[in-house]
Ligand code: GLN
Ligand code: ZN
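In the numbering used here, the protein residues as written are 29 to 782.
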């Protein structure tokens, strides 16, 4: 039961940890390289935590999450907490080294698998569990971080991943049902709650984002009894169950009257769906996630306040919060002095979001007068954003309105196949690669020199052309059938296009953690998208001028550009996707006019954006597939469209793959031993397919026999005239020597089978 003296008004669900200038990333990498020792790393990490805690407390959060700091990943931290690291790392004596071994592997230990954290761009490490995993509590990290925060005078709220989410996101290595392990896990959580209370915690946040996914009635009943049980622990902190990334739906009533004291609801992505049910919770602090933790826009205060106001009308106390952890947005706009001032005034990164939360909480609890001036500034910025001409490009909108459904269709695949065969005259089992070649030290040096102004654009372009010439010569020498230019000029497959399209802005320091020490800097898609000039044609035509073999034009698809950017939130994603599609379509038309016979439009993120709830998926797949088709249907039948998807478990999207109607689709298949081909057949897919014949994620060079065997397996399910031969993915992370040898073997295997 909530103690009225123990409520709070303003918080966030979690804090970023990589450091405002990626200090933690650098220190961890220095530790890995042996340049600093564990004490130095821990010292730096402790300093970052202390500075951050003091800053967010001073900014007005009266309950501060602690323990969302991590040296690598929060799921891995939870596996350590619960004694659930895989046996293969148990032999490593040092705690930190064992931890990093589980995260990244060693020469002879495979790391844990990594996968997407819900529908975000963050990747977590997947704990491996079985019926015989012996859980044991190792509470050192949460206790130490709690004590550290309390010593600083911070109203600290330890954050722990909840038991249901932990089990649901783990991988069962023996096929056993992991939720069956809940009774074994709960006693550990019970003990942990007692320890945290004894150490001085007045609240604990248990993260259960899995509650926003489709759960069965049985699972919901387990959730309910788990929280009833945790709530009945005698001496414990108040319990805040945190959900994020969607609406709670049926999980909300399941939590009612379990005895928990607080519930965090993501109103930004859940909208009004949960309000009515949440209002009926009595004696519970409702933590209203109204400031978007997953996007960078400044909050409209009037809109945001409608939610907590509606919740408060139910009589329960309400706190204002971010919709999810601030892990997913950059630290602060203060690090962006170069950003165009008008755009900048529309944005809020981490620090600015905390100020917004404080502002909204003050309005909610003390009224508008106390903060009238700040409110006015926020309102003006929101209005200004709406009125900016760059948000409505009539030329783009008119063109899209004039396109009818016929514009999204090509001739039947068989007809296209005929014209393409005449034009391309490829051998059976054509060989190709996915696009990128090794990003050599030379390429990185040239890019750095250009950034520092040491070389000019002309010199840079000349160096990139030299790289292209080398990659073309290499492919000719190896004997590949369809060549690529190697993508040396691209720093990143989304940023490269964002930099050339109108409607996008780039940040200087807007880094967010993607996984471990890897950070990305997503571009900001703020306005209508237009393509002022061709983006890739010069590079591709140059590459084509060097060879008689066809060179693929290489583009990133609309869904992937969307998925890896911060996207405007003032119109449906589908509308933004259509604008991106039109820009890519224009590029395909220009490539075709310049003589390109094959164009590949990569969509590695197609599955990533898939909504978490099944009920929301058909609508997404419909607009995503339509956007891809719009992007690729502007060319003649004789121009061959390829696409590349980065995974082999298609699951719910298998029908959509066929819907893309690409003439050739390359996919990951080596690790799943070509099983995916059968799934594609079963879904009625009858277009060209290039199942990856070897795994590029490892430096190992595959032998000719091994590739022949993979192809033989593929040929049992796919007729030879539909089968392409290629690696799993792009080669940019590999070394030139191993790539050369692997591709020689790939070509030899294809020849042997022809
Ligand atoms: N064409 C890109 C490359 O080869 C595709 C990258 C990807 O699949 N993520 O690098
Ligand atoms: Zn890929």
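Every residue, glycine too, gets a C-beta built ideally from N, C-alpha and C.
Inclusion of residue 595 and residue 604 in the CB contact set at 7 Å is warranted, their separation being smaller than that value. When rounded, the separation of the alpha-carbon atoms in residue 391 and residue 339 is 15 Å. Assigned with DSSP and collapsed to three states, residue 670 falls in strand. In this chain, the beta strand (DSSP E) harbouring residue 719 covers 716-719. For residue 151, the uninterrupted beta strand (DSSP E) run begins and ends at 151-153, by DSSP. Distance from the Cα of residue 773 is smallest, within the candidate group 749, 745, 750 and 739, for 739.
For residue 240 against residue 271, the beta-carbon gap comes to about 5 Å, under 8 Å, which counts as contact. The beta carbons of residue 291 and residue 42 sit about 16 Å from each other, so the pair does not count as a contact at 8 Å. No heavy atom of the ligand ZN is found nearer than 6 Å to the CB of residue 719. Spatial neighbours of residue 760 in its own chain (CB-CB distance under 8 Å, excluding positions within 5 residues in sequence) are listed in chain order as 464, 465, 466, 467 and 515. Contact between residue 228 and residue 260 does not hold, since the beta-carbon distance rounds to 22 Å and is not under 8 Å. Residue pairing by DSSP leaves residue 401 without any beta bridge partner. In this structure, residue 513 has its CB at a distance of at least 6 Å from all heavy atoms of the ligand GLN. The beta carbons of residue 711 and residue 683 sit closer together than 7 Å. Listed in chain order, the non-local C-beta contacts of residue 779 below 6 Å within the same chain number zero, local neighbours out to five positions each way being set aside.
Taking 6 Å as the cut-off, one finds at least one heavy atom of the ligand ZN near enough to the beta carbon of residue 632. Spatial neighbours of residue 382 in its own chain (CB-CB distance under 7 Å, excluding positions within 5 residues in sequence) are listed in chain order as 40, 84, 87 and 89. If you ignore the 5 residues before and after residue 230, its C-beta comes within less than 7 Å of the C-beta of 34, 265 and 266, all in its own chain and listed in chain order.
Proximity of the beta carbon of residue 352 to the ligand ZN is not indicated: no heavy atom of the ligand is located closer than 6 Å. The closest heavy atom of the ligand ZN lies 6 Å or more from the beta carbon of residue 547. With a cut-off of 6 Å, the C-beta of residue 670 is classified as distant from the ligand GLN, since no heavy atom of the ligand falls inside that distance. In this structure, residue 705 lies near residue 742, with their beta-carbon atoms less than 7 Å apart.
Ranked by Cα distance from residue 538, the options 566, 345, 58 and 366 are led by 366. In summary, residue 300 is exposed, with fewer than 16 beta-carbon neighbours lying within 10 Å of its beta-carbon over all protein chains present.
Boundaries of the alpha helix (DSSP H) harbouring residue 682: 682-688, taken from the DSSP string. Contact between the stretch 103-113 and the stretch 56-64 is absent: fewer than 3 CB-CB pairs across the two stretches fall below 8 Å. With a cutoff of 6 Å, residue 758 counts as near the ligand GLN, since its C-beta is closer than that to a heavy atom of the ligand.
Taking all protein chains shown into account, residue 582 has 16 or more neighbouring C-beta atoms within 10 Å of its C-beta and is therefore buried. In the DSSP assignment, residue 581 falls within the unbroken beta strand (DSSP E) covering 581-584. Rounded to whole angstroms, residue 571 and residue 686 show a C-alpha spacing of 31 Å. In the structure shown, the three-state DSSP call for residue 30 is coil. Residue pairing by DSSP places residue 630 opposite 584 and 672 in a beta bridge.
Looking at the backbone, the Cα of residue 432 and that of residue 280 are separated by about 43 Å. Beta-carbon to beta-carbon, residue 638 and residue 587 are separated by about 10 Å, too far to satisfy the 8 Å threshold. The C-alpha of residue 495 lies about 23 Å from the C-alpha of residue 616. With contacts defined by Cβ atoms closer than 7 Å, residue 775 and residue 507 form a contacting pair.
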